Amino acid sequence: MSRFHSDAYKWSLYEKFRNGFTLTELCEISGVTDKPLREWFRHIDSQYARSTQLSVKSVQQENEHLKLIVQQRQNELKLLNEIIAGIPEAQRISRAYPLLKIYGPNQVCRSLCIRKSNLYYRTFRRPEVTVYEKHNQELLPVIQEICDRSIQRPGSENIRQQLMGQGFTVSKHKVLELLHEIALQPPSKRECTNTNWQSSDANLLARQFSPRAPNMVWVSDITEFKTDIGTCYLCTILDLFARRVIGARLSLHKDTSLVLLTFRDALEVRGHPASLLFHSDRGSQYTAHEFRNLLLSCGVKQSFSAPGVPYDNAPMESFFASLKVEETHRFRYAGISDLTASLREYISFYNEERPHSSIGNLTPIQAENNYYKEQSTVKHIGCAPFACKK
14 MSRFHSDAYK
24 WSLYEKFRNG
34 FTLTELCEIS
44 GVTDKPLREW
54 FRHIDSQYAR
64 STQLSVKSVQ
74 QENEHLKLIV
84 QQRQNELKLL
94 NEIIAGIPEA
104 QRISRAYPLL
114 KIYGPNQVCR
124 SLCIRKSNLY
134 YRTFRRPEVT
144 VYEKHNQELL
154 PVIQEICDRS
164 IQRPGSENIR
174 QQLMGQGFTV
184 SKHKVLELLH
194 EIALQPPSKR
204 ECTNTNWQSS
214 DANLLARQFS
224 PRAPNMVWVS
234 DITEFKTDIG
244 TCYLCTILDL
254 FARRVIGARL
264 SLHKDTSLVL
274 LTFRDALEVR
284 GHPASLLFHS
294 DRGSQYTAHE
304 FRNLLLSCGV
314 KQSFSAPGVP
324 YDNAPMESFF
334 ASLKVEETHR
344 FRYAGISDLT
354 ASLREYISFY
364 NEERPHSSIG
374 NLTPIQAENN
384 YYKEQSTVKH
394 IGCAPFACKK
């Protein structure tokens, strides 16, 4: 005859099994065969494992939620501390007095970014008026009078000189501090604006770095190199079709004449091409009237990169990066003659031996020669000799 066993009874047998009783011993105690015992214990194990997983998952979710709340509170406290730090300490201390009895000095000082020693000093040992404050109280009305009399024109140094003329000993920093306290600002110079370029100077190249033929687009830029005697500047011009260096000059001075001479070298070697576009950044050397007039007289259109956007002249930047990584960063140069020899050798290597992925892994000279062969035109186009301008 079958017997009904409650869950509590099954649980008591399960606990005995977990405490070391064997199935045989439990069968003798309960009068139940081992098969139902195994089923009971397997069922209890599955329920226990499921409840444990659920409880662990809920604890993890709660933990993540609490971490998020803590992070939000920390960000809020950081923001409040930055705001509080901008308030003068005297105002923070005056606000701290009524809070001391409620929250205690430790929490108040931490929350208001106040040193506890300063709070105690102002609360218990501070005299009614310090020498520092008395000096400020004497200066403030005099400064205000000077500003009113001059319709707030004089700067801090002018005010300091007038105060010293009246017998006060005061620094420029102190004058600025007191001007700030009475909400006055000394006059300052206007920001300089860049007038070297006009909004009409457009980027005609528009990052179209693959012209159909040589002498359609030239790009140029200036970079600097360090030597033991100082800084040297290299102006380079590339023909964008084959990325070929067609003009390069080195100088101790970064001026308009460096660009003029480099451009004239390229013009002489390349035969004064027609319908040429010359692209560069908006440096003062390229926006100078003398250089722009030279381009105009040669019938050359001028194109400019956007201010602060080197990607508009990416091929030129790429050339300088290769030059520095593959050549100049490997050596130390005693002077301009050593640097000139190194640059001359690299430019020759760059034009004649170094393949470029942008032109089908050909060298610049190979790419140009292939073009003229396809055009059935026998034409020798050279490269301006590397020049050094001291």
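Be aware that the sequence shown starts at 14, since it is given in this note's numbering, and climbs by one per residue. Positions of the beta carbon are idealized from the N, C-alpha and C atoms, including for glycine. Bear in mind the structure is a predicted one, so any value in this text is a computation, not a measurement.
C-alpha gap between Met177 and Pro111, whole angstroms:
Distance from the CA of Met177 to the CA of Pro111, rounded to the nearest whole angstrom, comes to 41 Å.
By a C-beta neighbour count over all protein chains shown, 10 Å radius and 16 as the cutoff for buried, is Tyr299 buried or exposed?
With 16 or more other Cβ atoms within 10 Å, it is buried.
I need the straight-line Cα distance from Pro101 to Val83, nearest angstrom please.
Spanning the two alpha carbons is a distance of roughly 29 Å.
Apart from the five residues just before and just after Ala301, which ones in its own chain have a Cβ nearer than 6 Å to its Cβ?
So the qualifying residues of the chain are Thr269.
When DSSP builds the beta bridges, which residues end up paired with Val313?
For Val313, no pairing in a beta bridge is given by DSSP.
Strictly by DSSP, which residues pair up with Tyr246?
The partner list for Tyr246 (beta bridge, DSSP) reads Glu237 and Ser264.
Taking DSSP as the reference, what is the three-state secondary structure of Phe291?
Under the three-state reduction of DSSP, Phe291 is assigned to strand.
Would the beta-carbon of Leu410 fall within 7 Å of that of Cys248?
Because the chain here runs from 14 to 403, residue 410 falls outside it and cannot be looked at.
Would you tell me roughly how many angstroms separate the C-alpha atoms of Trp210 and Arg305, rounded to the nearest one?
Because Trp210 carries a pLDDT of 46, less than 50, the predicted location of this residue cannot be relied on, and no value is offered for it.
With a threshold of 6 Å on Cβ separation, who are the neighbours of Ser212 within its own chain once the five nearest residues in sequence on each side are excluded?
With a pLDDT of 45 at Ser212, under the threshold of 50, the predicted position of this residue should be treated as unreliable, though the coordinate-derived value follows. Taking Ser212 as the centre and dropping the five residues before and after it, the same chain places no C-beta closer than 6 Å to its C-beta.
Confirm, please, whether the CB-CB distance from Gly260 to Ile250 is below 7 Å.
Yes, they are a contact pair.
Helix, strand or coil: which one does DSSP assign to Ile127?
In this structure, Ile127 counts as coil in the three-state DSSP scheme.
Under three-state DSSP, which class holds Ile378?
Assignment of Ile378 by DSSP, reduced to helix, strand and coil, places it in the helix class.
Classify Ser264: buried if its beta carbon has 16 or more other beta carbons within 10 angstroms, exposed otherwise.
Counting Cβ neighbours within 10 Å, Ser264 comes out buried, since at least 16 surround it.
Straight-line Cα distance separating Lys29 from Ser19
Their backbone Cα atoms lie some 16 Å apart in a straight line.
Minimum C-alpha distance to Pro323 - residue among Tyr27, Ser233 and Ala109:
Considering only alpha carbons, the answer is Ser233.
Cβ shell of Ala334 (< 6 Å), same chain only, five flanking positions each side left out:
So no residue of the chain qualifies.
DSSP bridge partner residues for Val232 (one or two, in chain order):
Answer by DSSP bridge pairing, in chain order: Leu251 and His292.
Host alpha helix (DSSP H) of Arg343 (start-end):
If you look at Arg343, you'll find it isn't in any alpha helix (DSSP H); DSSP assigns it neither H nor E.
Asn171, enclosing alpha helix (DSSP H) - first and last residue:
Unbroken alpha helix (DSSP H) run through Asn171: Ser169 to Gly178.
Smallest Cα separation from Cys40: which of Asn32, Gly33 and Leu26?
Its Cα nearest to that of Cys40, the residue Leu26 stands out among Asn32, Gly33 and Leu26.
Cα-Cα, which of Ser288, Lys48 and Leu307 is closest to Phe276?
The closest CA to that of Phe276, considering only Ser288, Lys48 and Leu307, is found on Leu307.
Three-state secondary structure (DSSP) of Arg257:
When DSSP states are grouped into helix, strand and coil, Arg257 belongs to the strand group.
Are the CB atoms of Leu132 and Cys122 nearer to each other than 7 Å?
Taking a C-beta distance under 7 Å as the contact criterion, Leu132 and Cys122 qualify as a contact pair.
Considering only their Cβ atoms, is the gap separating Glu365 from Ile412 smaller than 7 Å?
Lying outside 14 to 403, the shown extent of the chain, residue 412 is not represented and no answer is given.
Note down, in chain order, each residue of its chain lying with its Cβ closer than 6 Å to the Cβ of Asp47, except the 5 sequence neighbours on either side.
The residues are Leu36 and Cys40.
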